[in-house]
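To start, the structure under review is shown below, and the notes come after it.
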Amino acid sequence: MTVVVGWTADARGRAALERGAHEARAHGEPLLVVNATTGTSTVDDRFAGEQDVADVQTLLDSLGIEAEVRQPVVRDVTDALLDIAEEVDASVLVIGIRHRSPVGKLLMGSTAQKILLDARCAVLAVKAADGSR
Numbered sequence: 001m002t003v004v005v006g007w008t009a010d011a012r013g014r015a016a017l018e019r020g021a022h023e024a025r026a027h028g029e030p031l032l033v034v035n036a037t038t039g040t041s042t043v044d045d046r047f048a049g050e051q052d053v054a055d056v057q058t059l060l061d062s063l064g065i066e067a068e069v070r071q072p073v074v075r076d077v078t079d080a081l082l083d084i085a086e087e088v089d090a091s092v093l094v095i096g097i098r099h100r101s102p103v104g105k106l107l108m109g110s111t112a113q114k115i116l117l118d119a120r121c122a123v124l125a126v127k128a129a130d131g132s133r
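So the sequence shown is residues 1 to 133, counted in full-length UniProt numbering.
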């Protein structure tokens, strides 16, 4: 089995990556980091640049975690994460979520909500540290 992380180059992505790395080490499983987009970095600022990906790979290598980083360009990011998690028989899919106002908590983001409802594996939703958005 594999720990899959939906990673973006922001505070939510870092929180998900840190927790995913922790889970992979704790369970002796490989880590698959997915940074999917529907376009290019000029269209989608969550799509990581080459240096961001290199930094993540260096970090994971230094932690001794067997890891792969994928950056697919897809029609739907949520469906891609779900498909990849199923493809690799993920033990858990780790995603970062944003802090919400009391009213906003009633309506979770569409990506997180669809993943929580449709994933065939466990889902771990992680918030970034206070002050990060």
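Even glycine gets a Cβ: it sits at the ideal position worked out from N, Cα and C.
Item, Value
"Cα-Cα separation between Val-73 and Ala-85, rounded to whole angstroms", "16 Å"
"Residue span of the beta strand (DSSP E) that contains Glu-68, given as start and end", "67–70"
"Whole-angstrom C-beta distance between Thr-2 and Ser-91, which should lie under 8 Å", "7 Å"
"Cross-strand partners of Gly-96 (DSSP beta bridge)", "Val-126"
"Residue of Gln-57, Gly-13, Leu-63, Arg-12 minimising C-alpha distance to Ala-26", "Leu-63"
"CB of Ala-128 within 8 Å of CB of Arg-19, strictly", "no"
"Val-53: first and last residue of the uninterrupted beta strand (DSSP E) it sits in", "Counting along the chain, Val-53 falls outside any beta strand (DSSP E), though it belongs to the alpha helix (DSSP H) covering 50–62."
"Coarse secondary structure for Ala-90, derived from DSSP in three states", "strand"
"Distance between beta carbons of Glu-66 and Leu-17, contact taken as under 8 Å", "The pair is not a contact, with the Cβ atoms about 15 Å apart (cut-off 8 Å)."
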